[in-house]
Amino acid sequence: MAKEKRQGGFWAQSFLDSRVKSANTEGKEKVWGYFVGPMFMMMAYYGIAGTYITQFYTDVLGISGVLLTMMPLFSKIFDAITNVIMGRIIDKTRTKQGKARPWMLASGFFITFTGILLYNVPRADYKVQIVWIIVSYNLFFAFAYTIYNMSHTLMVPLSTRNTKQRDSLAMLTSMGTSMIPGLLVTVIMPVIVANMGVGTEAQGRWALVMSLLSIFAIPAVLVEYYFTKERVTEESISESGENTMEIAPMIDQIRACLSNKYWWMVMAFWALFQVTQFLNTNIMLYFCNWVLGNSVASGATNQILVNAIGQAPLGFGIFILWPLVHKFGKRWVTQIGFVIAAIGCVMVLLKPTNLGIVLAGMMIKSIGCLPTYAMAAFLAEAMDHIEWKHGYRVDGFTASVNTIIVTISAGIGQSIILGGLNLFGYISPASIGATSETIINQPASAQNFMTWMYVGVPMIGYLIIGLIFSLYDLEDKIPQITKDITARHKAEAEARGEVYITAEEKEAMEIAEQEKKAEMIRIKELKEKCAKKGLNFEEEEAKYQAKIGEKKAKEEAKRAAKEAKKKKR
27 MAKEKRQGGF WAQSFLDSRV KSANTEGKEK VWGYFVGPMF MMMAYYGIAG
77 TYITQFYTDV LGISGVLLTM MPLFSKIFDA ITNVIMGRII DKTRTKQGKA
127 RPWMLASGFF ITFTGILLYN VPRADYKVQI VWIIVSYNLF FAFAYTIYNM
177 SHTLMVPLST RNTKQRDSLA MLTSMGTSMI PGLLVTVIMP VIVANMGVGT
227 EAQGRWALVM SLLSIFAIPA VLVEYYFTKE RVTEESISES GENTMEIAPM
277 IDQIRACLSN KYWWMVMAFW ALFQVTQFLN TNIMLYFCNW VLGNSVASGA
327 TNQILVNAIG QAPLGFGIFI LWPLVHKFGK RWVTQIGFVI AAIGCVMVLL
377 KPTNLGIVLA GMMIKSIGCL PTYAMAAFLA EAMDHIEWKH GYRVDGFTAS
427 VNTIIVTISA GIGQSIILGG LNLFGYISPA SIGATSETII NQPASAQNFM
477 TWMYVGVPMI GYLIIGLIFS LYDLEDKIPQ ITKDITARHK AEAEARGEVY
527 ITAEEKEAME IAEQEKKAEM IRIKELKEKC AKKGLNFEEE EAKYQAKIGE
577 KKAKEEAKRA AKEAKKKKR
C-alpha cells in the first residue's frame, strides 16, 4: 500500500483555503456547506437533467424510437467505467484542500459548460441531432456530474468521525440535495415549462432557460467548496506534511466492500431508492398531464399542487426526523418510515385520478421517505466499519459505486420510461403538432403505465428497504469502532515519534486560544478605559475578577444542587 505526500502548487494557495477552521462542525459549515450550496447545485441539476430532459427529447424535439430509448442505458455503462477511474483519481489526490474538495470545485464549471450543450441541439437532420444528444448526454452525466457527485458524496464521511455531528450533516445535505430542490423545481418549473411550450418552435426558449440554469452551478459549488472541511483526511497528515493514510489497491477495496454485509445493505438501500425516486420524479409530469389531466396546460397546475401539498412534509422534514433519530435511532425510524411510504403509494394506486386522494397519499409517502435524509450517515458508518476491520479506507471505490448507482439508476429509469411510453402508445404533443392547451386522450394502457411508474414500483421498493433495515445493527457498534480507529491513529503517530491530537483535544485547544485572545482584548480595552477616565487599572481588574468569582460560585452551587437531587432520586 502506498503513502503519498501532500502536494503544494496551485491548491496550496491561501485563497483556496476552506473558510471552516474548527475541529468540530459549526453553524456556518452546516448551513452553507451542507445545505445551501448543495441545494442550489441540485436545483440546477434537477432543472437541467433530472426531470425535464426526457420531456425535451420527446415533446420538444419530437424524437423517439429504440435508439433514444436505449441510449441512456448504454451511456450509463460508459458512465460506470468513468466512475471507477474517477474514484481512483480522488483516492490518489493529495492536496492541502483534501482529496475530494478540489474536484468538487472544478465540477461546477464542467456542469455549466456541458449543461448548456445538453439543450442547444442544432436544428439539423435526425442523425446530426442524435449524435449531438449522445455526445452532450455523456459529457454531462459521465464526466461533469460524475465528478461533482463523487466528491460531494464523500463530504459527510470525510467531515468528522463524531456520529451525532455526522448524522446532522447527513440529514441537512440530504434535504438540501434531494427533497427541497425537487420540491422547488417541480413547483416552479411546471409554470416555466408551460410558458416555454412544446414542439420545435419552443426549442430556443428551452435552450435559453436551461443555459441560465446551468450557470447556477458555479456559485453553488463555490459555496459548498469554501464551507466544507475534510477532517478525516487531515487525521493522516503528519507534522511534516506527509499523508500517512494507507491507499489500498482498488482490488483490495473491492474485496473489503463486497465482503461487508453493512456495505451491501446501504448500497441496496441506495439503489432501490434511486431507481424508485427517478421513476417517480420523471414520470410525474406525464402522470399530472395525462392521468390527473388531459393537456400540458392542465398538467402544470396539477404538478404545482402535487408538489406544493403532496411533498410539503419534505420541506420541514428535518425538524421531524432529527428528534426521532436522536431518540429511537436511524435504523428503527428508517424501517418504519418506508412502510408508511408504501401505504401512501397504495392510496394513490387505488385512486390515481382523484386529486384529493393523490395529494393525501403523496403527503403520507413524503413523511415515510424522510429517513432518506440519513443515507449519508449510514454510508459513513459502513465505511468506518470497513476501515476498522481492514485498517484502510475505501473512499474511492465506495464513491464510485455510489455514483454508478445514481447514474445507472437514471439510465435504467429513463430507458424504462421512454420504452414504456413508446410501447404503451403514448401520444406525444409534438408528433401531432399540438400545443400546451391541446386536449389529448391518452390510451388507458399508457395511463396505467404512468401510474405504476409513479407509485406502483416505488411501493414495492419501499417495502424491500424496510425489510433491509430490519437486519441492520451497525449503529450501536459505531462508538466503539470510532474509539478503536482513534487509538490506532494515536499508536501510529507515536511510532513515528509524533504527538497525535484528537478532534476533542483540537476543540479544547481552539477554545483555549479563543479565550486567551478574548482575555487579551478585554485587558487592553480596560486599560484604555482606565487611562481615558482616570481610573486605577488594578482596582478595576480586582472588581472584575470578584464578579467572575461570584458567578462561578453560583454556578458551582447550582451544579451541586442538581447532583444532590439526582442522588436522592
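To convert, note that position 534 of the sequence shown is 560 in our numbering; the numbers rise steadily by one, no gaps.
Each residue gets a CB set at the ideal place from its N, CA and C atoms; glycine is no exception.
Hey, proline 484 and cysteine 371 are a contact pair by Cβ (cut 8 Å); roughly how many whole angstroms apart?
6 Å
What first and last residue would you give for the alpha helix (DSSP H) that runs through tyrosine 174?
That run of the alpha helix (DSSP H) goes 171 to 179.
From this set, Leu396, Lys377, Asn380, Thr140, which residue's C-alpha is nearest isoleucine 346's C-alpha?
Leu396
Near arginine 419, which residues of its chain fall below 6 Å by C-beta distance, leaving aside the five closest residues on each side in sequence?
Glu413
Kindly provide the ranges of any alpha helix (DSSP H) runs that are 4 or more residues long and lie completely inside the stretch 483 to 516, ordered along the chain.
List check, alpha helix (DSSP H) in window: 483 to 494.
Going by DSSP in three states, threonine 121 sits in which element: helix, strand or coil?
strand
Below 8 Å on the Cβ atoms is my guess for glycine 492 versus valine 301; work out the distance and round it to an integer in Å.
Not confirmed; about 16 Å, so no contact.
Excluding the 5 residues preceding and the 5 following glutamate 298 in the sequence, name in chain order all residues of the same chain whose CB lies nearer than 7 Å to its CB.
The identity of residue 298 in the sequence shown is leucine, whereas the question assumes glutamate. Contacts found: Gly487, Ile490, Ile491.
Could you tell me if the beta carbon of isoleucine 574 falls within a distance shorter than 7 Å of some heavy atom in the ligand MN?
Here there are no bound small molecules, and the ligand MN is not part of this structure.
To the nearest angstrom, report how far apart glutamate 554 and leucine 561 are at their CA atoms.
10 Å
Less than 8 Å separating the beta-carbons of alanine 403 and alanine 196?
Alanine 196 is positioned such that its CB atom lies closer than 8 Å to that of alanine 403.
Within 10 angstroms of the Cβ of asparagine 306, are there 16 or more other Cβ atoms? Answer buried if so, exposed if not.
buried
Check whether the stretch 321 to 334 touches the stretch 214 to 229, counting contact only when three or more Cβ pairs, one atom from each stretch, lie closer than 8 Å.
yes
Taking DSSP as the reference, what is the three-state secondary structure of isoleucine 214?
helix
If contact is defined by three or more beta carbon pairs under 8 Å, each pair taking one atom from either stretch, is the stretch 169 to 189 in contact with the stretch 426 to 434?
Touching, per the Cβ criterion.
Helix, strand or coil, according to DSSP, for leucine 318 in the structure here?
coil
Would you identify the three-state DSSP class for isoleucine 547, choosing helix, strand or coil?
helix
Judging by CA-CA distance, which residue of Gly35, Met215, Asp117 is the nearest neighbour of alanine 75?
When only C-alpha atoms are compared, the closest one is Met215.
Which residues in the same chain have their Cβ closer than 8 Å to the Cβ of valine 249, if we skip the five residues on either side of it in sequence?
Sequence-distant partners of valine 249 (beyond 5 residues in either direction) whose C-beta falls short of 8 Å from its own C-beta, in its chain, are Trp58, Gly59, Val62, Gly63, Phe66.
Along the chain, which unbroken stretches of the alpha helix (DSSP H) at least 4 residues long are found entirely within the stretch 315 to 383?
322 to 334, 338 to 341, 343 to 354, 356 to 376
Within 10 Å of its beta-carbon, does methionine 476 have 16 or more other beta-carbons around it, so buried, or fewer, so exposed?
With 16 or more other Cβ atoms inside 10 Å of its own Cβ, methionine 476 counts as buried.
Closest to threonine 398 by C-alpha separation, out of Trp358, His416, Thr379, would be which residue?
Trp358
Distance, Cα to Cα, alanine 460 vs glycine 88?
11 Å
I'd like to check one pair, aspartate 421 with isoleucine 116: are the Cβ atoms closer than 8 Å?
Yes; because the gap between Cβ atoms is below 8 Å, this pair is in contact.
Give the secondary structure of alanine 521 by DSSP, where H, G and I count as helix, E and B as strand, and everything else as coil.
helix
Quick check on the DSSP output: the alpha helix (DSSP H) that includes aspartate 85 runs from which residue to which?
From DSSP, aspartate 85 is part of no alpha helix (DSSP H); its letter is neither H nor E.
Note down, in chain order, each residue of its chain lying with its Cβ closer than 7 Å to the Cβ of arginine 114, except the 5 sequence neighbours on either side.
Met276, Gly422
Out of curiosity, what's the CA-to-CA distance linking glutamate 256 and lysine 353?
28 Å
Along the alpha helix (DSSP H) that carries tryptophan 232, what are the first and last residues, could you check?
In this chain, the alpha helix (DSSP H) harbouring tryptophan 232 covers 229 to 241.
Along the chain, where does the alpha helix (DSSP H) containing arginine 419 start, and where does it finish?
DSSP places arginine 419 outside any alpha helix (DSSP H), giving it a letter other than H or E.
Under 8 Å Cβ to Cβ from valine 182, same chain only, skipping five residues before and after it: list those, please.
Listed in chain order, the non-local C-beta contacts of valine 182 below 8 Å within the same chain comprise Tyr60, Arg192, Leu195, Ala196, Thr199, Ala402, Ala403, Leu405, Ala406, local neighbours out to five positions each way being set aside.
Within the continuous alpha helix (DSSP H) that includes proline 128, where are the two ends?
Start and end: 127 to 145.
Could you check the C-alpha separation between isoleucine 245 and asparagine 474 for me, to the nearest Å?
Checking the sequence, you will find proline at residue 245 rather than isoleucine. CA-CA distance, proline 245 to asparagine 474, rounds to 41 Å.
From the DSSP output, in three-state form, read off isoleucine 39 for me.
Note that residue 39 corresponds to glutamine in the displayed sequence, not to isoleucine. Three-state DSSP puts glutamine 39 in coil, outside helix and strand.
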